[in-house]
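Chains as they are written, first to last, in the numbering used here: chain A, 2 to 302; chain B, 2 to 302. Using N, Cα and C, we set each Cβ at its ideal position, and we do this for glycine too. What follows is a single structure, written as structure tokens, with notes after it.
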DNA sequence: TTTTTGATTTGTCCTAGACAAACTGGACGT
DNA sequence: ACGTCCAGTTTGTCTAGGACAAATCAAAAA
């Protein structure tokens, strides 16, 4: 198991840091310092890639690169999140239960996790399952990952298994005439789908017609889809990892390609710190989402 | 609905063409020719973005840019795929049936499509459903999209609904002691998951233990996951849209981070034209996948 | 017909400079 | 003590053009 060397494209893939940023950091901060191959192209050792991943993680928690590069490498991993997490210690009701579920993932016990979640779903019903189990659990997994207690692949595993549970639960809901028509998707570069699924579950429970388009829809396509499906509402999800600077511009562009009668809702932890806008309704919690749906209904009664 | 303008990052997002390529094409071929904003930065009108998407589509079919840019704009859409499709007219048994399913998607009839597929699943059983319905249907959807008969959002809708069906079917399979342990995932920049799900369904039917990690796992994480789950096999999927030049290098790097006892399988239409390698076993059809599993079992009996 | 070889095409990487948006920290006023 | 404004700093993204290797094509040789 010899350590492989990464070229700059591979590092971009694996860390999510753009080539431009990688080169700029090297110029400005003196890290990373890749060796060069015969063509003079950058060759990153695996160790530096790891460190870059750690730095990226800390930056997602609110740290700034200038500070991070000043810290000696071995102290990095001890850093605490700088901006307070949106954790609500208020109703961390059964955090012990949640810890148990997390432990199952951590032990890579797929079957055990699925079974435990199925039980909770049966016990709580879909709405409370989403709000009291899936949402806080996802938050916890994110936190654990940021603190380095979870590996990336463990988070992926959690996401994959939970996606399956939610989809399955949604598919068992009864059919019938439904309204409004809600188109659920996300913009390119935003692959996270769990939030969308939670909203879909809640909306479906409330009798809305959900049109799940998956993630990463080009803007013009979202416009076309809204028209083709005669959607009343287009609901987008932004995760906390999405580059926040891009969101206002995206919403503005999107507003332009959507029919004026179609509402545009943007939700997820990514919009928490976005300034209020007339282009879209910003929805920061699951309760907000349900409230927004009720408000829409009232307005279109 | 005024036409929005795209900056170069937005075009990269929406077309999948890298900034480098966009600038190079402008330099070499004189297209696209974006206007500039006050800062001298490129501003692409929506119309050019559309044309770029068309060009990308044609390139995925095997056309070369040099030729495409020589063709007057209005003849582009009439171009036929250049390299023969991997369509097997041999056993396009019930292509009429498939057309019917496609039509349901095209009409945006979610409920009708789901019902029709459920019926087929019940009638055919999972294995034949995967091989005789889902696989050719996916091929057809891809073809239709390449020929412009399907919008992107319609393909997304198809993918999303079909993913749900497959996952649901997989989750109903009985448990029990299973082997070998197969870890299913894809590399970063490869978001397509349908192929993985088909394989998972077939492998689960054959009694393998499938560990679905979702898509886009960083290479080092795949190594860690393989170790943590003590995977016997790591199965990757590459779609036809994945940049083929990167695949051999990826497989080489991955081989280095995996334990020697772990088999590495790479499948999907993306590996059709990849030269044989000792780093991984290349699997081009679903039948191959089943055969590979049988061979593995024989070798480890 | 098939294979080999040389020319062309094409994508990616390189350097280095510029600038705007976001953030910081202090001064000021309430 | 707290909010607000402003200047200074940090940081990411864009630009330009040059270079080169891998992929592909086309013509010559076997």
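Nearest by alpha-carbon distance to residue 32 of chain B: which of B/230, B/13, B/66 and B/113 is it?
B/66
From residue 129 of chain B to residue 123 of chain B, what does the alpha carbon distance come to, in whole angstroms?
10 Å
Relative to the C-alpha of residue 96 of chain A, which residue among A/273, A/117 and A/133 is closest?
When only C-alpha atoms are compared, the closest one is A/133.
Would a C-beta distance cut-off of 7 Å place residue 263 of chain A and residue 218 of chain A closer than the cut-off?
no
Residues of chain B with CB closer than 7 Å to the CB of residue 215 of chain A, please, in chain order.
Under a criterion of Cβ atoms nearer than 7 Å, the residues of chain B adjacent to residue 215 of chain A are, in order, 157, 160 and 161.
So what does residue 36 of chain B bridge to, in DSSP terms?
B/44
Would you identify the three-state DSSP class for residue 66 of chain A, choosing helix, strand or coil?
Residue 66 of chain A carries a helical assignment under DSSP once its states are collapsed to helix, strand and coil.
Please go through the same chain and pick out, in chain order, the residues whose beta-carbon is closer than 7 Å to the beta-carbon of residue 255 of chain B, but skip the five residues on each side of it.
Around residue 255 of chain B: 220, 223 and 265.
Reducing DSSP to helix, strand and coil, say where residue 238 of chain B ends up.
The answer is strand: DSSP assigns residue 238 of chain B an E or B state.
Run through the region 173 to 252 of chain A for me and flag every whole alpha helix (DSSP H) of 4 or more residues, listed as ranges in chain order.
195 to 206 and 220 to 229
Within the same chain, show all residues whose beta-carbon is closer than 7 Å to that of residue 117 of chain B, passing over the 5 residues directly before and after it, in chain order.
102 and 105
Using a Cβ cut-off of 9 Å, pull out every chain A residue sitting near residue 218 of chain B, in sequence order please.
153, 154 and 157
Entirely within the region 127 to 156 of chain B and at least 4 residues each: give me those alpha helix (DSSP H) ranges in chain order.
Listed in chain order, the complete alpha helix (DSSP H) runs (minimum 4 residues) inside the region 127 to 156 of chain B are 136 to 147.
If I measure Cβ to Cβ from residue 240 of chain B and keep anything under 8 Å in the same chain, skipping five residues before and after, which residues do I get?
Cβ neighbours of residue 240 of chain B beyond the five flanking positions: 191, 193, 196, 269, 270 and 271.
Under 7 Å between beta-carbons, which chain A residues line up against residue 172 of chain B? List them in chain order, please.
Correct list: 165 and 169.
Does the beta carbon of residue 86 of chain B come closer than 7 Å to any beta carbon on chain A?
Unreliable placement is indicated for residue 86 of chain B, whose pLDDT of 46 sits below 50; the coordinate value is still reported in the next sentence. With 7 Å as the cut-off, residue 86 of chain B does not count as an interface residue toward chain A.
Apart from the five residues just before and just after residue 35 of chain B, which ones in its own chain have a Cβ nearer than 6 Å to its Cβ?
43, 44 and 45
When you compare only the Cα positions, how much space is there between residue 211 of chain A and residue 250 of chain A?
26 Å
Whole angstroms is fine: what's the gap from residue 11 of chain B's alpha carbon to residue 245 of chain A's?
14 Å
Would the region 157 to 176 of chain A and the region 155 to 174 of chain B be scored as touching if the rule is three or more Cβ pairs under 8 Å?
yes
I think residue 1 of chain B touches residue 233 of chain B, with their Cβ atoms under 8 Å apart; what is that distance to the nearest whole Å?
Nothing can be reported for residue 1 of chain B: it is not among the residues displayed for chain B, which extend from 2 to 302.
If you count every other CB in all the chains shown that lies within 10 Å of the CB of residue 199 of chain B, and 16 or more means buried, which is it?
buried
For residue 226 of chain B, which option in A/107, A/7 and A/297 has the closest C-alpha, if you only look at C-alpha atoms?
A/107
Write down the C-beta distance between residue 209 of chain B and residue 181 of chain B rounded to the nearest angstrom, noting that I regard them as a contact closer than 8 Å.
6 Å
Do residue 59 of chain B and residue 69 of chain B count as a contact pair if the criterion is CB distance below 7 Å?
yes
With the cut-off set at 7 Å, would you say residue 207 of chain A and residue 294 of chain A are in Cβ contact?
yes
Cβ of residue 147 of chain A less than 7 Å from any chain B Cβ?
no
Start and end of the alpha helix (DSSP H) containing residue 293 of chain B?
From DSSP, the alpha helix (DSSP H) with residue 293 of chain B extends over 287 to 300.
Determine whether the Cβ of residue 190 of chain A lies closer than 7 Å to any Cβ atom of chain B.
Output row for residue 190 of chain A: interface = yes.
The alpha helix (DSSP H) spanning residue 9 of chain B covers which residue range?
9 to 16
Among B/248, B/157, B/290 and B/247, which residue has its Cα nearest to the Cα of residue 189 of chain A?
B/157
Any beta-carbon of chain A closer than 7 Å to the one on residue 225 of chain B?
When Cβ-Cβ separations below 7 Å define contact, residue 225 of chain B makes contact with chain A.
Helix, strand or coil for residue 271 of chain B per DSSP?
helix
Taking the CB atoms as reference points, tell me whether residue 273 of chain B and residue 286 of chain B lie closer together than 7 Å.
no
Helix, strand or coil for residue 283 of chain B? Go by DSSP, reduced to three states.
strand
Along chain B, in chain order, which residues have C-beta atoms closer than 7 Å to that of residue 106 of chain A?
What residue 106 of chain A touches in chain B: nothing, since even the nearest Cβ is about 11 Å away.
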